[in-house]
Every structure is written in C-alpha cells, then in structure tokens.
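Following: one structure in structure tokens, then a few remarks.
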Amino acid sequence: MGKRRPKQPPRRPTVLEEEMSTVPKQQTIELGDLDLPQLVEVKKQLDEELSHLTASFGKLKQAQSRFQDCIDSLQNVKARATGSEILVPLTGSLYVPGELLETDKVIVDVGTGYYVEKTSDDAVKFYSDKVEFVKKNLDKLQETINTKQNNLRLTVDVMQLKISLGAASTSK
Amino acid sequence: MSLEARLEAATTEYQKLQKVDIANAVENLQKLDSQLQENEIVQKEFNLLKDDSNIYKLVGPVLVKQDKAEATENVARRLEHIQSDIKRMEDQVKDLTEKFEKKKVEIVQLNASRAQQTAS
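Dropping the structure here:
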C-alpha cells in the first residue's frame, strides 16, 4: 500500500556483529582495530543495508507521486460541472462514455480494504497529509542513507589503507 | 561421537539458526509491524470521521457499505490480534537468539578442546 514506514534491513546477527555488540554502543568501534576479513564483512553488511534502504526510498517516492496524482485528479474532477461527459475506463484500453453526476463526493481507499466517502476537499486534504507523511519519512530515510554511505566510504578507506600497508610490509 | 563430528554438527545448527530460523522470524515480525502500522493509520482515519460518514469495505471486487461502529470495532480487534502476534513473534526471536548464543558457546568450547587434543 506504500504507506509503510521505511523498513529496516533484516537484521541478521553475524559473528562480527556479536563481537561488536560487546563493545559498548555501536559506532564507537574503531575501524582501524579490525583486520581485513572483518572489514570485508562490515563492508558487505553496509552494502546490503544500503541497497535495502535505497530500494525503500524508491518505493516511498513512488507512493508519494501516486498520492500526488490523486490530488491532481481530484482537482481536475472538481473543476468540472455536473453533467460533464467523461470516459470511464473499463480496462486500460477500453472506455465507455459516462456522465459526471456528482463532482464533490469521492470514495477514498484508507487502507486494509476500507473505503470512506469524502468530499473532494476532504479527500485533497487526506492525500496532502499522506504526501506530507511520506515526505517526512523520505527525509528521515535520506539521512540514514547518508550516514550509511559515509560509514561505507570510511570502511573502504580503512580497507585500502590496510591493503597498501600489508603490501608494503610483505614487499620488504 | 568424535570431536570433529560434534563440532561440525554444532556449526551446521549454528548456521541454520542464524540464516533460516532467526531470519524468518525477523521477517515475520517486520510483516506484522507493517500490518500494525497500516491498521493504525486506518484507525486514526476512522477517528477523524463524522459518525454519519459512509464507510465501505472491499469484499472481493465489490464495495459493501458498512456501519461505522462495526468497522471501527473490526479494526480495533485486528489491531489487538496483530499486537498479540507481534508479542509472540518477539518471544520467539528472543528464544532463538538465546539458542543461538548457546550454540556459539558450544562451538567455542568444542574448538578449544580440539585445539587441546591436537596440542597433546
């Protein structure tokens, strides 16, 4: 239904995470203290989380534009006089002519199979609230994505440092 | 059973716990959580409605008119149901995590005694 809070990526406790959880508070762990395989594990996990979050972000964006579309359609219908001719879609490619009898009453899907009759103005407000709600979640999600991306960059940096250090010490 | 065999069995079980059991439970929990949210949103919407508002319920392809009181009660009951499901699922996750921890300890112990054996 696209109205859900962005889901957290599935938390699969890995051995590494278990080890990390013994350190008070996450994020306080020093990346430099980890060895390369552990870093690879961290990176893998961050990658997974990021792709999940980005997918959620896309879905939320879609939901937002769907709600916006509803607002646009409502305003379009409201502006017509009663008795206007419309084409009613039976399928995506088949239409029958119809006539608008009431332009101020619509039935809105409020979720879980329930529909509520509303006036156009109320419906517009309903969808505007939805858009706003989704927007708030999008902002929050964007923030999380940014933090994760920073973490990822940091991890990759440390990995590269370790690799170059390791190469230097073996070549000696 | 030899140490190796026991270690292997413990490791398999450990991985199954992690990859299958816990992951499934967590996924279920997330599904329930989104259901809970959707129902909460509907409930909030119902609370905003006037008493004489028309409410319809989608039954198959048709919309059936429903009493507001009945619909509200329905949603409330569903919320209750989902909440108890969530609680059950959370207990299950806790249970599995405990089992998981125990397995981990077991593996560490087996590893230690194997190291001892090879050293002696």
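First to last, the protein sequences are chains A and B. Following UniProt numbering, the numbering of the first sequence begins with 1 at its first residue and continues without gaps. Following UniProt numbering, the numbering of the second sequence begins with 1 at its first residue and continues without gaps. Ideal Cβ placement from N, Cα and C applies to all residues, glycine included.
In the DSSP assignment, find the alpha helix (DSSP H) that holds residue i and state where it starts and stops.
{"i": "threonine 72 (chain B)", "result": "68–119"}
{"i": "proline 37 (chain A)", "result": "36–78"}
{"i": "glutamate 27 (chain B)", "result": "23–48"}
What does the alpha-carbon distance come out to for the pair residue i and residue j?
{"i": "residue 145 (chain B)", "j": "valine 108 (chain B)", "result": "This structure cannot speak to residue 145 (chain B), because chain B is shown only from 1 to 120."}
{"i": "serine 51 (chain A)", "j": "leucine 60 (chain A)", "result": "14 Å"}
{"i": "valine 105 (chain B)", "j": "alanine 23 (chain B)", "result": "20 Å"}
{"i": "lysine 50 (chain B)", "j": "lysine 57 (chain B)", "result": "17 Å"}
{"i": "arginine 80 (chain A)", "j": "glycine 60 (chain B)", "result": "31 Å"}
{"i": "tyrosine 95 (chain A)", "j": "leucine 87 (chain A)", "result": "6 Å"}
{"i": "residue 212 (chain A)", "j": "glycine 98 (chain A)", "result": "Since the first residue of chain A shown is 1 and the last is 172, residue 212 (chain A) is not available in this structure."}
{"i": "alanine 119 (chain B)", "j": "glutamine 15 (chain B)", "result": "28 Å"}
{"i": "alanine 69 (chain B)", "j": "glutamine 75 (chain A)", "result": "31 Å"}
{"i": "alanine 115 (chain B)", "j": "valine 20 (chain B)", "result": "29 Å"}
{"i": "leucine 110 (chain B)", "j": "leucine 96 (chain B)", "result": "21 Å"}
{"i": "valine 108 (chain A)", "j": "leucine 31 (chain A)", "result": "51 Å"}
{"i": "lysine 118 (chain A)", "j": "threonine 112 (chain A)", "result": "17 Å"}
{"i": "leucine 63 (chain B)", "j": "arginine 88 (chain B)", "result": "34 Å"}
{"i": "leucine 152 (chain A)", "j": "leucine 46 (chain A)", "result": "6 Å"}
{"i": "valine 11 (chain B)", "j": "lysine 103 (chain B)", "result": "For the record, residue 11 (chain B) in the displayed sequence is threonine; it is not valine. C-alpha separation (whole angstroms): 8 Å."}
{"i": "serine 2 (chain B)", "j": "lysine 44 (chain A)", "result": "35 Å"}
{"i": "serine 84 (chain A)", "j": "glycine 92 (chain A)", "result": "21 Å"}
{"i": "leucine 39 (chain A)", "j": "threonine 147 (chain A)", "result": "17 Å"}
{"i": "arginine 66 (chain A)", "j": "serine 169 (chain A)", "result": "57 Å"}
{"i": "leucine 17 (chain B)", "j": "glutamate 101 (chain B)", "result": "10 Å"}
{"i": "isoleucine 55 (chain B)", "j": "alanine 76 (chain B)", "result": "15 Å"}
{"i": "phenylalanine 133 (chain A)", "j": "alanine 9 (chain B)", "result": "49 Å"}
{"i": "serine 164 (chain A)", "j": "leucine 36 (chain A)", "result": "11 Å"}
{"i": "alanine 25 (chain B)", "j": "glutamine 83 (chain B)", "result": "15 Å"}
Does residue i come out as helix, strand or coil in the three-state DSSP assignment?
{"i": "aspartate 52 (chain B)", "result": "coil"}
{"i": "glutamate 143 (chain A)", "result": "helix"}
{"i": "threonine 155 (chain A)", "result": "helix"}
{"i": "glutamate 117 (chain A)", "result": "strand"}
{"i": "glycine 92 (chain A)", "result": "coil"}
{"i": "glycine 166 (chain A)", "result": "helix"}
{"i": "glycine 32 (chain A)", "result": "helix"}
{"i": "proline 24 (chain A)", "result": "Low confidence applies here, because proline 24 (chain A) scores a pLDDT of 40, under 50, leaving its location unreliable; read the following figure in that light. DSSP places proline 24 (chain A) in coil when its eight states are reduced to three."}
{"i": "glutamine 160 (chain A)", "result": "helix"}
{"i": "alanine 81 (chain A)", "result": "coil"}
If you follow the beta strand (DSSP E) that residue i is in, where does it begin and where does it stop?
{"i": "leucine 3 (chain B)", "result": "Note, leucine 3 (chain B): premise wrong, no beta strand (DSSP E); alpha helix (DSSP H) at 3–16."}
{"i": "lysine 19 (chain B)", "result": "Unbroken run through lysine 19 (chain B): none, as it is neither H nor E."}
{"i": "proline 89 (chain A)", "result": "85–89"}
Which residue or residues does DSSP assign as beta-bridge partners of residue i?
{"i": "threonine 103 (chain A)", "result": "For threonine 103 (chain A), which the question treats as bridged, DSSP gives no partner whatsoever."}
{"i": "aspartate 109 (chain A)", "result": "A:Tyr115"}
{"i": "glycine 98 (chain A)", "result": "A:Ile86"}
{"i": "valine 64 (chain B)", "result": "B:Lys57"}
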